[in-house]
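Participant: Residues 54 to 586 in this note's numbering are what the first sequence lists, from first letter to last.
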Amino acid sequence: METLRKQLASALTASLTDLNPVFKDVKVEVDYPAIGQFGDYTSNIALKAAKILKISPQSVAEELILKLKNLKGLNGIFEKIETAGPGFINFYLSQAYLSAQADKILSLKGAYGQLKPRGKAKKIQLEFISANPTGPLTIGNGRGGFFGDVLGNVFKQCGYGVVKEYLINDAGKQIEVLGHSVLQDEQALYKGDYITELHKRLQKFNGPAKVGARAAKIILVELLKATIEQGMRVRFDRWFSETKELRKTKKIEKVIAWLKKKNYLYQSEGAWWFKATERGDTRDRVLVKGNGEFTYLANDCAYLVNKFSERKFDRVINIWGADHHGDVPGLLAAAEALGYKGRQEIILMQFVRLFKEGKEVRMSKRLGTYITMDELLKEVGHDAARFLFLMYSNNTHIDFDLNAAKEKSEKNPVYYVQYAYARLSGILKQEAIAKGKQGKIKALAYGNGQELALIKSLLRYPEVLEEIIIGYQVQRLPQLALEIAEKFHDFYNHCRVIDRDKVDWQRVALVKLTRKVLGEVLAVIGVAAPEKM
RNA sequence: GCCCCGGUAGUUCAACGGAUAGAAUGGGAGCCUUCUAAGCUCUAGAUCCAGGUUCGAUUCCUGGCCGGGGCACCA
């Protein structure tokens, strides 16, 4: 199904090209006007075209409107299309169209929020969190976790083959360091209660490597997986072990050999360097250290081959903390050298700064100062925590105060949305509706302002999905949920569904419709849709 | 020094180059004999500074100032 917004953009492109072929490749944007009086959709294309044609925007707009009105595909959708201001074209949806859409969505068997995948890149691997198994999940990890989970949901919803994946860095030096920490010897680095606990359980074993490996397994299962699956309610499709999948299979050696053969590497001071500067990086990167150990990037090279060549993903999206931003050019250069140019994307999540009683707490696993995801979930609950994090854009720096979050958790906007859902459910449980007989409604016909505004907010849902698929702006989803809830609460306060035992069945239909769509939105966001509160 | 983010109501965040910059929370004033007042209505309150591009800039560019992060044969 194609969204109306997209249809409009194509219609405008067609009309514009018809007017003058110069505009064949011009990208037409259709926006939502900030103010209701300017309609439901708006386009500034006449303003842009006027500049090139050197005639007034208004006259371009008027010609375009004439052409649009002759298009059969748009017949009946708009009550009016007019030009306003400096040359905007404003579109006003007709009541008949809105009512017809309501009917259509209500009779859909499956989900309303579905789209056809764009382009050919349908198989996507989405890697996120991937916190090292050296300690509990922190709030910083949690942010990317919710983000990745919802982004994955959106892709799945829209027909992409998505694999949500967690890379377990269970090989490498950090595991040895973990071993030292658990043994509490002089090379210990990590601190925290879990280290003390592991010390008790693992002191009978010898050697930091062995202790580290065992500790990592325990941490993965008891701290990370538990928090992620039960606490955060994130389901990964695959937990990818570096040790098992890359180390033991010698895939790193293989990719290094291949890169050497291609002359993409050189040796200097005993180390093997990847010529990353040839591919836009600011410096070359070490893949094999002087002592023969592999660097992180070497793993990633093998992992890239696994993802693209062995598992045949069209596209790979990594969600990283912003502290890794310096590694982005290296990975992209590697992807390019291996032949996967343009198919690897990286989304950076900016940092969460922590405050406790107004004072900043620097997060560090090494210092043992951090707030774990478990603590947060315990304090504010899953739904509030998830919704809170999802409302921020990925490149916003969050100043997070646990005390404030705790205080505000009761005022969390998620409850506003859930309350709307509970109210919707409550109405449908009313005896007059549950046991009443629905009168025949030939065709839905809404005319009331609150009813129409509510329907309009519901119609935004697929368009929001479309936006997220293009720009990964996941925060649009909680925003939409709030908008739908707001329009519904407004409807609730102004429109009686049951008035003195008389049921307005048309409004019952609208309540059912809203409940369906809001339920879907909440499901994609990953928070509960409560029947009552 | 170089690179990446950010600077918007008291506070925490939105805003896809557009028309009158939105919410939430906090402040002030109201609304329950009718489907859940976890709601609704009204009210006060903001784009860091200086240039530039544009018909139009919170948004793009340049330069400041402030904050966060990164510049390893660490992960």
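Virtual Cβ for every residue (Gly too), placed ideally from N, Cα, C.
Going by DSSP in three states, K209 sits in which element: helix, strand or coil?
Facilitator: Here K209 sits in helix by DSSP.
Participant: Between the alpha carbons of G172 and Y150, how many angstroms are there, rounded?
Facilitator: Rounded to whole angstroms, G172 to Y150 spans 29 Å at the Cα level.
Participant: Among V556, F544, Y514, whose alpha-carbon lies nearest the alpha-carbon of K482?
Facilitator: Here the closest residue by C-alpha is V556.
Participant: In this structure, does DSSP put G265 in helix, strand or coil?
Facilitator: Helix, per DSSP.
Participant: So which of S478, R336, P74 has the shortest CA-CA distance to V570?
Facilitator: If we check each option's Cα against that of V570, S478 comes out closest.
Participant: Note down the Cα distance separating N501 from F544, rounded to an integer number of angstroms.
Facilitator: About 9 Å.
Participant: Is L220 helix, strand or coil by DSSP?
Facilitator: DSSP places L220 in strand when its eight states are reduced to three.
Participant: Exposed or buried, P110, counting other C-beta atoms within 10 Å across all chains shown (16 or more means buried)?
Facilitator: Classification of P110: buried, given that the 10 Å Cβ count is 16 or more.
Participant: Mark M426 as exposed unless 16 or more other C-beta atoms lie within 10 angstroms of its C-beta, in which case mark it buried.
Facilitator: Looking at its Cβ environment, which holds 16 or more other Cβ atoms inside 10 Å, M426 is buried.
Participant: Roughly how many angstroms separate the alpha carbons of M444 and K278, rounded to a whole number?
Facilitator: Cα to Cα, M444 sits roughly 24 Å from K278.
Participant: Check each candidate in L127, I98, N128 and name the one with the smallest Cα separation from P139.
Facilitator: Of L127, I98, N128, the residue nearest in Cα terms is I98.
Participant: Roughly how many whole angstroms lie between the Cα atoms of T335 and K169?
Facilitator: Between T335 and K169, the C-alpha separation is close to 39 Å.
Participant: So, for R338: in the same chain, excluding its five sequence neighbours on each side, which residues have a beta-carbon less than 6 Å away from its beta-carbon?
Facilitator: Closer than 6 Å at Cβ, skipping near neighbours: F327, A329, L350, G383.
Participant: Taking L512 as the reference, which of A155, I228, I88 has the closest Cα?
Facilitator: Of the candidates A155, I228, I88, the one whose C-alpha sits nearest the C-alpha of L512 is A155.
Participant: What residues match up with R291 in a beta bridge as DSSP calls it?
Facilitator: Paired residue(s): E218.
Participant: Whose C-beta lies closer than 7 Å to the C-beta of K209 among residues of the same chain, with five residues either side of it excluded?
Facilitator: V215, listed in sequence order.
Participant: Would you please state the rounded distance, in angstroms, between the beta carbons of F440 and P531? I believe it to be under 8 Å.
Facilitator: With 8 Å as the limit, F440 and P531 qualify as a contact, their Cβ atoms being about 6 Å apart.
Participant: Alpha carbon to alpha carbon, what distance is there between I370 and V550?
Facilitator: About 46 Å.
Participant: Got a sec? Which residues, its chain only, sit under 8 Å from Q471 by beta carbon, not counting five neighbours each side?
Facilitator: Here the set comprises D436, L575, V580, A581, A582, P583, M586.
Participant: If you draw a straight line from the C-alpha of F361 to the C-alpha of R368, how long is it?
Facilitator: Using only the alpha carbons, I get a separation of about 8 Å.
Participant: With 16 as the cutoff for other CB atoms within 10 Å, does S321 come out buried or exposed?
Facilitator: The residue in question, S321, is exposed, as its Cβ has fewer than 16 Cβ neighbours within 10 Å.
Participant: Can you round the beta-carbon distance between L566 and L57 to whole angstroms, since I take them to be within the 8 Å contact cut?
Facilitator: With a Cβ gap of about 17 Å, L566 and L57 do not count as contacting.
Participant: Buried or exposed for Q227, going by 16 or more other Cβ atoms inside 10 Å?
Facilitator: Under this definition Q227 is a buried residue.
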